[in-house]
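Same order as they appear, the protein sequences are chains A and B.
Going left to right, the first sequence walks through residues 1 to 383 as my numbering numbers them.
Going left to right, the second sequence walks through residues 1001 to 1489 as my numbering numbers them.
Every residue, glycine too, gets a C-beta built ideally from N, C-alpha and C.
Data block below; observations after.
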Amino acid sequence: MGKDILTGIHFLSGNHACVEGAIAAGCRFYAGYPITPSNEVAERASVRLPQVGGIYIQMEDELGSMAALVGASWAGAKPMTATSGPGFSLMQENLGLAVMMEAPCVVVNVQRGSPSTGLPTAVGQADVMQARWGSHGDYEVIAIAPASPQECFDFIIKAFNLAERWRVPVVFLTDESVAHMSERVVIPPREEIIKRLVSRKKPSLPPEKFLPYKPGQDLVPEMPIAGEGYRFHTTGLTHNEKGYPDLSPKAQDKLVRRLVDKIRKNADQIVEYEEFMTEDAEVVLVTFGVSSRICRAVVKRARKAGLKLGMLRLIVVWPFPEKKIAELAGQVKALVSVEINLGQVFLELERIVKERAKVFLIPNAGGEVHDPDKVFEEIKQIV
Amino acid sequence: MGSKRHPMGELIREDRMPHIFCSGCGIGATISNIAEALTEIKKEIDLDKVAVVSGIGCSGRAAGYFKLDGFHTTHGRPIAFATGLKLGNPDLKVIVFSGDGDLSTIGGNHLIHAARRNMDLTVICINNFNYGMTGGQMGGTTPTRTWTTTSVYGNYETPFNLPLLLYACGANYVARWTSAHAHYIKKSFLEVLNKEGFCFIEVISACPINWGRRNKLRTGKDMVKFFLEHTVIQENPDPKDALIQMDSPILCGVFVNQDKPGYLRAMKEVLSPKLGIEEFRGDGKAKLPETEARAELKIPKPKQIEEVKIKMGGIGGQGIALLGLIMGRAASIFDGNEAVYTQEYGAEARGGASASSVIISSEKIDFPYIKSPDVMVIMAQGAFRKYRKEIRSGSTLFIDKDLVRPYDLPEGVNIYAVPATRIAEEVGRKLVANIVMLGFISALTDLFSLKAVQSALKMSVPKGTEEFNLKAFNAGYEYGQKVKRGEIA
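What follows is the structure, given as structure tokens:
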């Protein structure tokens, strides 16, 4: 067992909590390249993983880090890396490979001010669209946004579970603010965590009958791992159920459609959000990550002032909670996107809400979180 | 018996034949050499534990032809991918089989770093001087004054001397052969399969269709003839002489064969004695010693406290961050309250003023930052200058009396002063001035209980210094008591 699950009450930063959550989830492989504001993840991983017989390797760049994650995933590891904007851009190449090969892994992206080098030490939330389609091609991944160190611990376990369950890379879309704040983190007893863990489906047939890319009812294939006698082949090329390259339009349609559908058609099982005072709300703030803390404060204040304000907080950002947004659009007068970018979740709201309600954006180019006083003033105008 | 199986059917995916390689190409031959070598020793090794990783390009297709666990990855990344695979499960023998453009040009960074780390991999690098799959463009290994589709006037760049590069990076084994040297390729491969560390075999390979025909070597036969006539095999050749030039012979042989610890052994040599763990692997199958689990899970009932915002400022080295951290731990772990602790980041904080903040409340804290502090703790004049404007009427200001001279403050600021640094020096070390300040604040506020702050202090300082830090804390606390009783102004 060793020191894998540190049951107890801690006071941890979001970045440190990510590592403890990952180890509790069974992560024993970390490959990464240092970048602010994610460094504390790497530093703690370099201390903690060897203590549990795991691997910490500091790669030469983020291209290699992400490639190493996919390799480790095929060795049977639950691998993780952490990065921020510039590094996340470099990881897109092999994040696409993980999508195509269906290799479970978790990529922590501590968002900072951007584009390019931007604001290395200050907050941003402008990688929402990149998290979805940062690599080339049609695909779907899962992205989860925590709002506190406790959620970094709890949700990264969720992230590993979803990666294993759906065989996709999961982007842990945190931000500089959540990464660097410290709060109480309660790590529950081992049995409680072990009960929560999900592992990839293993081959149910012997090697001679097994097809590595034949999907189950849920569109997810069973996953062999290297060294167990399956002698399978996997490739970034378009492939058939055998895993062999098949460059025909027919094979392309079958494969890409399945990769996309396995998330879209199962979205109900993946989507997760929190509703705060939405029952009778006339205006609902739609937000995620650290911005949800600011919105919660604003909602509380608005309620005291007699304004019927509520909040929908995206826990799973991708796939997007389309059904819930459509439902709210029929109930409320307006939806207001509050995010530290110039309108990314906002685009999704516009797409789904259409004319059924008004859609507003309270933007912020980054560098600091929204000022609750200013958000409250804008909300008063909207209401 | 008598069936029409491929002669190496056990190791080659017959259902993928015919392969994609052009007539006269050296890649298929090299794949055969490796397959033959593995067939020869199949009784000695477990083929289920052998994996092949390739990148993109003609040679990159190799992983698809071996009937082994095979990974056809992205352009330039097979070595990085293989690194993850090997460290995920060190029981695997991982062979990287890919081309010169893939491994040394787009993937050059991974190549040199894997060699530097002496990563436990066997790398077969097919060098055919060009990007064949995309139609014959030049790359980082194209010899000077040869022609490709993107060097139609003649290449004026200098190619990599791969044996010299790999020698310089520290690989355990570096050899070069040509695709006409089947015997040597097999021999080298068998030599390194059980060798630890980074083992690199360069195979200069015939590419008559895309490279040869633009360089007066139209057929595979021409190219093999050229290789046999233009290569020199030496014992212990010097890698400095291995640059490929069209007007001098291609130097072949084993350039490096040494036994430095491979990555996994080097890692164990450092980690095992420190951690008492014998095995490190990514798949979670390492055996670990049993240890007792911590199980303190009772969060104390919060004592009622209105939200208090505390900001601390000083200069680097005064332990301003630690001061905030101890307060956060005291409030949240030991008093059962909510607490958020943040530090001020930013380039301007380096070496200059540094700040940390703690918000304490019995309710959940939404907004994690401080716009207007209720309590300000200032340990240096520079920090006072920087944060003075945030000090408002009705708030409380704690200062190091010898280091901070307040000025231009609004009316109604409650000031408490302590010679924290001087007291720390009396206790024994200037370094603990922050802890003296903590004791002083504890005496004059009810932000946290005495027991909580002392427990938090003990868990936050280096082992063995707890008593000394408590002494500093008590000195500050006593000074605070005296101020509280009016014995000191």
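Environment of residue i [buried if 16+ CB atoms lie within 10 Å]
i, result
"Y1477 of chain B", "buried"
"L97 of chain A", "buried"
"I1488 of chain B", "exposed"
"I1204 of chain B", "buried"
"T1158 of chain B", "exposed"
"I1209 of chain B", "buried"
"L247 of chain A", "exposed"
"N1161 of chain B", "buried"
"N1194 of chain B", "exposed"
"K304 of chain A", "exposed"
"M1133 of chain B", "buried"
"K1093 of chain B", "buried"
"R184 of chain A", "buried"
"P1163 of chain B", "buried"
"R1329 of chain B", "buried"
"T1030 of chain B", "buried"
"T1291 of chain B", "exposed"
"M1459 of chain B", "exposed"
"M1017 of chain B", "exposed"
"T117 of chain A", "exposed"
Host beta strand (DSSP E) of residue i (start-end)
i, result
"V123 of chain A", "119–123"
"C105 of chain A", "105–113"
"S182 of chain A", "182–187"
"L1397 of chain B", "1396–1400"
"K1311 of chain B", "1308–1315"
"D373 of chain A", "Looking at the DSSP string, D373 of chain A is not in any beta strand (DSSP E); the run it does join, the alpha helix (DSSP H), is 372–382."
"V338 of chain A", "334–338"
"E1093 of chain B", "The sequence shown places Lys at residue 1093 of chain B, not Glu. Counting along the chain, the beta strand (DSSP E) containing K1093 of chain B begins and ends at 1093–1099."
Span of the alpha helix (DSSP H) around residue i
i, result
"N1127 of chain B", "That residue, N1127 of chain B, is in no alpha helix (DSSP H); its beta strand (DSSP E) goes 1121–1127."
"L97 of chain A", "85–101"
"M1267 of chain B", "1263–1275"
"H10 of chain A", "From DSSP, H10 of chain A is part of no alpha helix (DSSP H) but of the beta strand (DSSP E) over 8–13."
"L407 of chain A", "Missing from the structure shown is residue 407 of chain A; chain A here goes from 1 to 383 and no further."
"N1474 of chain B", "1466–1484"
"P169 of chain A", "No alpha helix (DSSP H) contains P169 of chain A, which is instead part of the beta strand (DSSP E) from 169–175."
"Y1387 of chain B", "1381–1387"
"F1081 of chain B", "1078–1088"
"C27 of chain A", "Segment: none, C27 of chain A is in no alpha helix (DSSP H) and carries neither H nor E."
"K300 of chain A", "291–304"
"K158 of chain A", "149–166"
CB-CB length for residue i against residue j, believed under 8 Å
i, j, result
"V1413 of chain B", "L1397 of chain B", "5 Å"
"S65 of chain A", "Q92 of chain A", "No, S65 of chain A and Q92 of chain A are not in contact; Cβ-Cβ is about 12 Å, not under 8 Å."
"L1011 of chain B", "F1081 of chain B", "With a Cβ gap of about 21 Å, L1011 of chain B and F1081 of chain B do not count as contacting."
"R1422 of chain B", "D1402 of chain B", "6 Å"
"P37 of chain A", "V110 of chain A", "5 Å"
"A334 of chain A", "I352 of chain A", "Rounded, the Cβ-Cβ distance is 14 Å, inconsistent with contact."
"L361 of chain A", "S337 of chain A", "5 Å"
"I1391 of chain B", "M1376 of chain B", "5 Å"
"I1399 of chain B", "K1309 of chain B", "That pair is no contact at about 18 Å."
"E348 of chain A", "I263 of chain A", "So it is not a contact: roughly 15 Å between Cβ atoms."
Contact list for residue i against chain D, beta-carbon separation under 9 Å
i, result
"V369 of chain A", "Included in the structure are the protein chains A and B, with no chain D among them."
Q. Okay, do the segment 104–118 of chain A and the segment 61–76 of chain A touch, 3+ Cβ pairs below 8 Å being the bar?
A. Below 8 Å, enough C-beta pairs join the segment 104–118 of chain A and the segment 61–76 of chain A to call them touching: three or more.
(Q) As an exercise, report each continuous alpha helix (DSSP H) stretch of at least 4 residues that is fully enclosed by the segment 1022–1060 of chain B, in chain order. (A) For the alpha helix (DSSP H) assignment, the uninterrupted runs of no fewer than 4 residues enclosed by the segment 1022–1060 of chain B are, from N- to C-terminal side, 1027–1040.
Q. At a cut of 8 Å, does the segment 1147–1159 of chain B reach the segment 1223–1237 of chain B through at least three beta carbon pairs?
A. In short, these stretches do not touch, since the Cβ pair count stays below three.
Q.
Tell me whether the segment 182–197 of chain A and the segment 213–225 of chain A touch, counting them as touching only if at least three CB pairs, one residue from each stretch, are closer than 8 Å.
A. No: fewer than three Cβ pairs fall under 8 Å.
Q. Can at least three beta-carbon pairs, one atom from the segment 1036–1044 of chain B and one from the segment 1214–1221 of chain B, be found at a separation below 8 Å?
A. No: the two stretches stay apart, fewer than three of their Cβ pairs being nearer than 8 Å.
Q) What are the uninterrupted segments assigned as beta strand (DSSP E) that are 3 or more residues long and contained completely in the segment 1142–1219 of chain B, given in chain order? A) Correct list: 1173–1178, 1198–1204.
Q: Decide yes or no for the touch test of the segment 1142–1149 of chain B against the segment 1168–1181 of chain B: beta carbon pairs closer than 8 Å, at least 3 of them.
A: At 8 Å Cβ cutoff, the stretches do not touch.
Q. How about the segment 111–126 of chain A and the segment 167–176 of chain A: do they share at least three Cβ pairs that are nearer than 8 Å?
A. Segment contact: the segment 111–126 of chain A against the segment 167–176 of chain A, three or more CB-CB distances shorter than 8 Å; contact assigned.
**Q.** the segment 1463–1481 of chain B in contact with the segment 1434–1452 of chain B per 3-pair CB rule at 8 Å
**A.** Taking one beta carbon from each stretch, the segment 1463–1481 of chain B and the segment 1434–1452 of chain B have 3 or more pairs nearer than 8 Å; the two touch.
**Q.** Segment contact flag, the segment 218–232 of chain A with the segment 1086–1097 of chain B, C-beta cutoff 8 Å, min 3 pairs
**A.** Verdict: yes, contact present.
Q) Which runs of the alpha helix (DSSP H) spanning at least 4 residues fall entirely within the segment 1434–1469 of chain B, listed in chain order? A) Whole alpha helix (DSSP H) segments, 4+ residues: 1450–1460.
Q. Residue ranges of each alpha helix (DSSP H) run of no fewer than 4 residues wholly in the segment 53–82 of chain A, ordered along the chain?
A. As summarised for the segment 53–82 of chain A, the continuous alpha helix (DSSP H) elements at least 4 residues long and confined to that stretch are 62–74, given in chain order.
Q) Would you call the segment 230–250 of chain A and the segment 1050–1070 of chain B in contact, with 3 or more CB pairs under 8 Å? A) The segment 230–250 of chain A and the segment 1050–1070 of chain B touch, with no fewer than 3 CB-CB distances between them shorter than 8 Å.
Q | Touch test, the segment 286–301 of chain A against the segment 257–268 of chain A, Cβ-Cβ under 8 Å, three pairs minimum | A | The count of Cβ pairs closer than 8 Å, one atom from the segment 286–301 of chain A and one from the segment 257–268 of chain A, stays below three, leaving the stretches out of contact.
Q: Please confirm if the segment 1039–1056 of chain B is in contact with the segment 1244–1260 of chain B, defined as three or more CB-CB distances below 8 Å between the two stretches.
A: The answer is no - the segment 1244–1260 of chain B does not touch the segment 1039–1056 of chain B, with fewer than three Cβ pairs under 8 Å.
Q. Taking three-plus beta-carbon pairs below 8 Å as touching, is the segment 1428–1437 of chain B in contact with the segment 1298–1306 of chain B?
A. Touching, no, given that fewer than three Cβ pairs across the two stretches are closer than 8 Å.
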